[in-house]
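For reference, the structure is listed below as structure tokens.
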Amino acid sequence: MKTKHDIQQLHNFIELISDLAFVKNFKGQFTHINEAFVELVGKKREDIYLKTDFDLFPKEEALKFKKVDDEIFKSKKSNNSIEEQLIHYNGTISYFNTSKQVLYDLEENEIGLFCVAKNITIRKEYEIIYRDNQLLLEYIAMQNKLKPILDKIVLLAEQRNINSMCSILLLDKEKKHLLNCSAPSLPIFYTNAINGVEIGEKVGSCGSAAFKKKRVIVENINTHENWKDYLELTNKANLHSCWSQPIISSNNEVLGTFAIYNTTPKAPSSFELKLISAYSNLAAIAIEKDNNYRTILENEYQLSLLFNNTHSGLIYVNEKNEIQKANQRFIDIFGYETVEEIKGLNDTSFYLPNITYENIKEKLNGEYQFKKKDGTSIWCEFSGKLLNKEISSDLSKGVLWTINDISSRKVIEEELKQSEYFNKNILETIPNMLWLKDMNGFYITCNRQFEKFYNIKKEKIIGKTDYDFEKKEIAKELRNFDKLTIKSSSTLTKEQWLTSFDNKRILSEITKRAITDKEGNIIGVLGISHDITKRYEAFEKVENLNKLAESLTKFQSSLLSLFDKGDAILFKWKNNKNYDAEYISSSVKKLLGYEKEEFLSKKLNYGNFIHKDDYDVALKELKGAIENKLDYFKHEPYRIVDKDNNIKWILDYTVFEKDSKNNITHFIGYITDITEQLKQQEIIFEQSKLVSMGEMIGNIAHQWRQPLSVISTISTACKLEKELDILEEDDFINKMEVINTNAQYLSQTIDDFRDFIKADRELNDFILSNAIKSFLNLANTNIVNHDINIVLDLDDDIILKNYQNDMIQAFINIINNSIDAFENTSNKEKFFFIKTSKINNKTIIKLKDNAGGIDINLLDKVFEPYTTNKHKSQGTGLGLNITYNFIVIGMKGEISVENLTYSYKGENYKGCEFTITL
60 MKTKHDIQQL
70 HNFIELISDL
80 AFVKNFKGQF
90 THINEAFVEL
100 VGKKREDIYL
110 KTDFDLFPKE
120 EALKFKKVDD
130 EIFKSKKSNN
140 SIEEQLIHYN
150 GTISYFNTSK
160 QVLYDLEENE
170 IGLFCVAKNI
180 TIRKEYEIIY
190 RDNQLLLEYI
200 AMQNKLKPIL
210 DKIVLLAEQR
220 NINSMCSILL
230 LDKEKKHLLN
240 CSAPSLPIFY
250 TNAINGVEIG
260 EKVGSCGSAA
270 FKKKRVIVEN
280 INTHENWKDY
290 LELTNKANLH
300 SCWSQPIISS
310 NNEVLGTFAI
320 YNTTPKAPSS
330 FELKLISAYS
340 NLAAIAIEKD
350 NNYRTILENE
360 YQLSLLFNNT
370 HSGLIYVNEK
380 NEIQKANQRF
390 IDIFGYETVE
400 EIKGLNDTSF
410 YLPNITYENI
420 KEKLNGEYQF
430 KKKDGTSIWC
440 EFSGKLLNKE
450 ISSDLSKGVL
460 WTINDISSRK
470 VIEEELKQSE
480 YFNKNILETI
490 PNMLWLKDMN
500 GFYITCNRQF
510 EKFYNIKKEK
520 IIGKTDYDFE
530 KKEIAKELRN
540 FDKLTIKSSS
550 TLTKEQWLTS
560 FDNKRILSEI
570 TKRAITDKEG
580 NIIGVLGISH
590 DITKRYEAFE
600 KVENLNKLAE
610 SLTKFQSSLL
620 SLFDKGDAIL
630 FKWKNNKNYD
640 AEYISSSVKK
650 LLGYEKEEFL
660 SKKLNYGNFI
670 HKDDYDVALK
680 ELKGAIENKL
690 DYFKHEPYRI
700 VDKDNNIKWI
710 LDYTVFEKDS
720 KNNITHFIGY
730 ITDITEQLKQ
740 QEIIFEQSKL
750 VSMGEMIGNI
760 AHQWRQPLSV
770 ISTISTACKL
780 EKELDILEED
790 DFINKMEVIN
800 TNAQYLSQTI
810 DDFRDFIKAD
820 RELNDFILSN
830 AIKSFLNLAN
840 TNIVNHDINI
850 VLDLDDDIIL
860 KNYQNDMIQA
870 FINIINNSID
880 AFENTSNKEK
890 FFFIKTSKIN
900 NKTIIKLKDN
910 AGGIDINLLD
920 KVFEPYTTNK
930 HKSQGTGLGL
940 NITYNFIVIG
950 MKGEISVENL
960 TYSYKGENYK
970 GCEFTITL
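Here my numbering runs 59 ahead of the position in the sequence shown, where the first position is 1.
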């Protein structure tokens, strides 16, 4: 279908377009261009008219443009989705999303070609950087050798920087000299000449960057003081500019430099600066990974030394119970000569007849008698470590056994048993209560009279304290008596009320004395009680104290080293009142500025670093996940404050560890710093607001026309009537009131716009209904132009303390979404409803339309970035994502959307409804 144009009006329209716009004739000559095109070409307007692409751009680029133009002229079809690339004379690249069509005048005569091109260079540059990062990170993960990784980084950098040569130099161990590592395109004589150069403040670009720990840009080597001693070398190599970025490790140490050379004097573009930063960061990751890999190899060597020199016997048996490895200590314990002598033996060769494999399999630690080489028995304490820790009863992957000779201890234990039997007979014949406690007041043993008094078997008394048998006050006195006895190191006597099992109170004469071991160290208190009265009723037994059971989970630190060296933090919190840290990776220092030991020792608690405005929300999310019995969850982004009071945005993922009864015992997960990501989103927010400001300016211009016309007409009439001396006073006053009313309207409009464009984001109190009316005033022209009826149901008493401008921006994004949807409907009447209410101290804002609803395939993803059903040239898909971030992250609220069918004034409508909860 032919689209006819008034050529003069089209030319005027082109001048108003912010994107590139131009008209070509059939010869490919530019007959009309706008200011954006003039800025791109960098020439005067008169030097562009009637020129072709071949006059303005490199030949290769001009040929590409001509091919597309010829196809459109031939087919007579518009092309609204052309993504074009322009390589400028200076080597920089621009990207455009272009729309082209054949141009007809009002008489349907072909005039030429009309083109509008949107500059998408920044977006494409970020896509290139993202793809390069993804590609190189995958390669770094798979490749264990450093040289191929750095070569790949350099070659990819050269591919992205046309006509450039790149290099990576590494600092030596002394951190004083730069050594060649990767520079495939630089002349060999040049790389040999600079190999080993000492770094310094004015030593070229790389030497200076490594010395200063910051980027050094030399646009012209021939005139820069850093290169004056190397000009003969650089001229021979045809190198005339050099941009160098220091490669910085995760602990802020210089590892080397990444540099880009050019054969002409040149300043880097913003894109090239981003690439330099990205490639140097990737080089840092690769170098640190290589350093870590070498450390792991060294650790494995040290572990081998430890295995062979430990004081315990160690053996590794495979899934067939065959011995694969043993240390010298094991050989000595069992009387063998060499390790080779027992390799391949089944471990059952060491079992006595009373031991079976099933006995060992039931528990991986214990004490048994085993058989030595000469057939004699030996008592050993053993402990096994499964090599498949995920399956507690699975020995199929083998076991590492630790063996200790405890024969001497067993002899002593047997002697103690005989002595204990003798002492027990003495204790049972004494008519008084007698007991023995440890230093902490826990009962170790007691006699039968003690059992009778409390009517409790000795087995249940052992391990208890006086607090388990007496009231708190009495138990406290008894405990203080124990402490006094220990302190005095002599025999003490005290009268004390005690309570028997049948609630009879007795007055006891208690005698206590501290007991010592053979070295004279006090190890407990011996007590004897003689009943001297039964005059009082027994006291009620005190409540049994809950026995605290520690639950310690051991896990291998070697699996966690990756987190220690990276940016993310691995953690393991206890599910207790304070969420104490059981493990946290060393990378916590990079995020918070503190060592991990300060968290593990409970000096610091991670919760104390959560921003005070985000703490309650984060805690609520955690408790909600627990109540809903989830296996894992993630927080919404929240803020933390580090040691230097820097505020950072955080995203964490958490898995629940549960015991056999399905109770949550620990939280395991990782924490990621997303501050930089949110900064990028903030840039997008500001860009979106600039777009909205442009729309608002257009709205204001439209809204001012009528009031200005009224003011002009009345003031002119008043002047004329005054000159004719026919101006009545009452008529003059009435006209002045009309002028004032219109002037107030203009003032209110500009106030609304001024408030909207304020750069600061501050919490303030505002009336919600007034904010909605300001939003409608700002969007009025757009609403009127699309014949949309606004239906309000507002609670004028709702006052919010929040970000008013962000709220208005969110409303604008939502109504713009509806306006776009109305374009695809044939509704005779278009409605947009806004309702506010207060329910359970929550403010509810509902916004709905009758535009047919959102595509069901997009409904669950509308708040994700770049989600849209519009063409790329019509929208980015960021509006509702920005709205989500305003409401959820900025205002700590909630937002949801659903399709619904409803009735209004007897008619049924279908649309979508956004619900905001604050």
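Note that beta-carbon positions come from the ideal geometry of N, C-alpha and C, so glycine has one too.
>> Using a 10 Å radius around the Cβ and a threshold of 16 neighbouring Cβ atoms, would you call L298 buried or exposed?
In response: Buried, by the Cβ-count rule.
> Between the Cα of H725 and the Cα atoms of A677, D718 and K633, which residue gives the shortest distance?
Replying inline: From the listed residues A677, D718 and K633, the smallest Cα separation to H725 is found for K633.
>> If we require 3 or more residues per run, which beta strand (DSSP E) segments fall completely within the stretch 869 to 955?
In response: Counting only unbroken stretches of 3 or more residues, the beta strand (DSSP E) elements lying wholly within the stretch 869 to 955 are 889 to 898 and 901 to 908, in sequence order.
> Does DSSP put H670 in a helix, in a strand, or in coil?
Replying inline: Reduced to three states, the DSSP call for H670 is coil.
> What is the C-beta distance between L314 and L229, in whole angstroms, given that I count them as a contact (C-beta under 8 Å)?
Replying inline: In this structure L314 is in contact with L229, their Cβ atoms being roughly 7 Å apart against a cut-off of 8 Å.
>> Can you tell me which residues form a DSSP beta bridge with A385?
In response: Beta-bridge analysis with DSSP links A385 to I374.
> Alpha carbon to alpha carbon, how far is R538 from E641?
Replying inline: The alpha-carbon atoms of R538 and E641 are separated by roughly 33 Å.
> Helix, strand or coil for H283 per DSSP?
Replying inline: Under the three-state reduction of DSSP, H283 is assigned to coil, being neither helix nor strand.
> Can you tell me whether Q863 is buried or exposed, with buried defined as 16 or more other CB within 10 angstroms of its CB?
Replying inline: Label assigned to Q863: buried.
>> Considering only DSSP beta bridges, list what R698 is partnered with.
In response: According to DSSP, which records beta bridges pairwise, R698 is partnered with W708.
>> Give me the DSSP bridge partner(s) of C174.
In response: DSSP, once it has assigned bridges, lists F81 and K159 as partnering C174.
> Which value, in whole angstroms, describes the spacing of the CA atoms of D231 and L237?
Replying inline: For D231 and L237, the distance between alpha carbons rounds to 6 Å.
> Can you tell me whether DSSP reads V100 as helix, strand or coil?
Replying inline: DSSP places V100 in helix when its eight states are reduced to three.
>> Using only CA atoms, which one of K530, F509, S336 and E532 lies nearest to I521?
In response: The candidate whose alpha carbon is nearest that of I521 is F509.
> With burial defined as no fewer than 16 other Cβ atoms inside 10 Å of the residue's Cβ, what is the status of K571: buried or exposed?
Replying inline: Using a 10 angstroms sphere on the CB of K571, the tally of other CB atoms reaches 16 or more, which defines it as buried.
> Would you call the CB atoms of S371 and N463 closer than 8 Å?
Replying inline: Yes, they are a contact pair.
> Which residues in the same chain as F1011 place their Cβ atom closer than 8 Å to its Cβ, once the five residues preceding and following it in sequence are excluded?
Replying inline: With the chain covering only 60 through 977, there is no way to say anything about residue 1011.
>> Helix, strand or coil, according to DSSP, for F116 in the structure here?
In response: For F116, the three-state secondary structure derived from DSSP is coil.
> Assuming I770 contacts I798 under a Cβ cut-off of 8 Å, what Cβ separation, rounded to an integer in Å, is found between them?
Replying inline: Confirmed, about 5 Å.
>> Please state the DSSP three-state secondary structure of R507.
In response: Taken through DSSP and simplified to helix, strand or coil, R507 comes out as helix.
> Given G500, which residues of its chain have a CB within under 6 Å of its CB, disregarding the five upstream and five downstream residues?
Replying inline: Around G500: T524, R538 and D541.
>> Pull the bridge partners of L959 from the DSSP assignment, please.
In response: Under the DSSP definition of a beta bridge, L959 partners with G970.
> With 16 as the cutoff for other CB atoms within 10 Å, does R274 come out buried or exposed?
Replying inline: Under this definition R274 is a buried residue.
> Exposed or buried, A776, counting other C-beta atoms within 10 Å across all chains shown (16 or more means buried)?
Replying inline: Classification of A776: exposed, given that the 10 Å Cβ count is below 16.
>> Tell me the residue span of the beta strand (DSSP E) that contains R219.
In response: First-last for R219: L205 to R219, but that is the alpha helix (DSSP H), not the beta strand (DSSP E).
> With 16 as the cutoff for other CB atoms within 10 Å, does L959 come out buried or exposed?
Replying inline: Only exposed fits L959, as fewer than 16 other CB atoms lie within 10 angstroms of its CB.
> Given a threshold of 16 other Cβ atoms within 10 Å of its Cβ, counted over all protein chains shown, does E331 qualify as buried or as exposed?
Replying inline: The residue is buried, with at least 16 neighbouring Cβ atoms inside 10 Å.
> Tell me, which residues are paired with E141 by DSSP?
Replying inline: Sequence inspection shows Ile at residue 141; the Glu mentioned does not correspond to that position. According to the DSSP secondary-structure assignment, I141 is paired through a beta bridge with T157.
>> Quick check on DSSP: helix, strand or coil for G425?
In response: Three-state DSSP puts G425 in a strand.
>> Rounding to the nearest angstrom, what Cα-Cα distance links S833 and I867 in this structure?
In response: For S833 and I867, the distance between alpha carbons rounds to 8 Å.
>> Just verifying my parser: in three-state terms, what is the DSSP assignment at G683?
In response: G683 sits in a helix when the DSSP states are folded into three classes.
> From L122 to A216, what does the alpha carbon distance come to, in whole angstroms?
Replying inline: Cα-Cα distance, rounded: 27 Å.
> Three or more beta-carbon pairs under 8 Å between the stretch 334 to 349 and the stretch 301 to 311, yes or no?
Replying inline: With a cut-off of 8 Å, the stretch 301 to 311 and the stretch 334 to 349 count as touching, because enough Cβ pairs lie within range.
> What residue does the alpha helix (DSSP H) around N405 start on, and which one ends it?
Replying inline: Looking at the DSSP string, N405 is not in any alpha helix (DSSP H), and its letter there is neither H nor E.
>> For K177 and I66, I'd like the C-alpha separation in whole angstroms.
In response: About 22 Å.
> By Cβ distance, which residues of its chain are closer than 6 Å to Y320, with the 5 residues on each side in sequence left out?
Replying inline: Within its own chain, the residues whose Cβ lies closer than 6 Å to the Cβ of Y320, once the five positions on either side in sequence are excluded, are M224, L298 and C301, listed in chain order.
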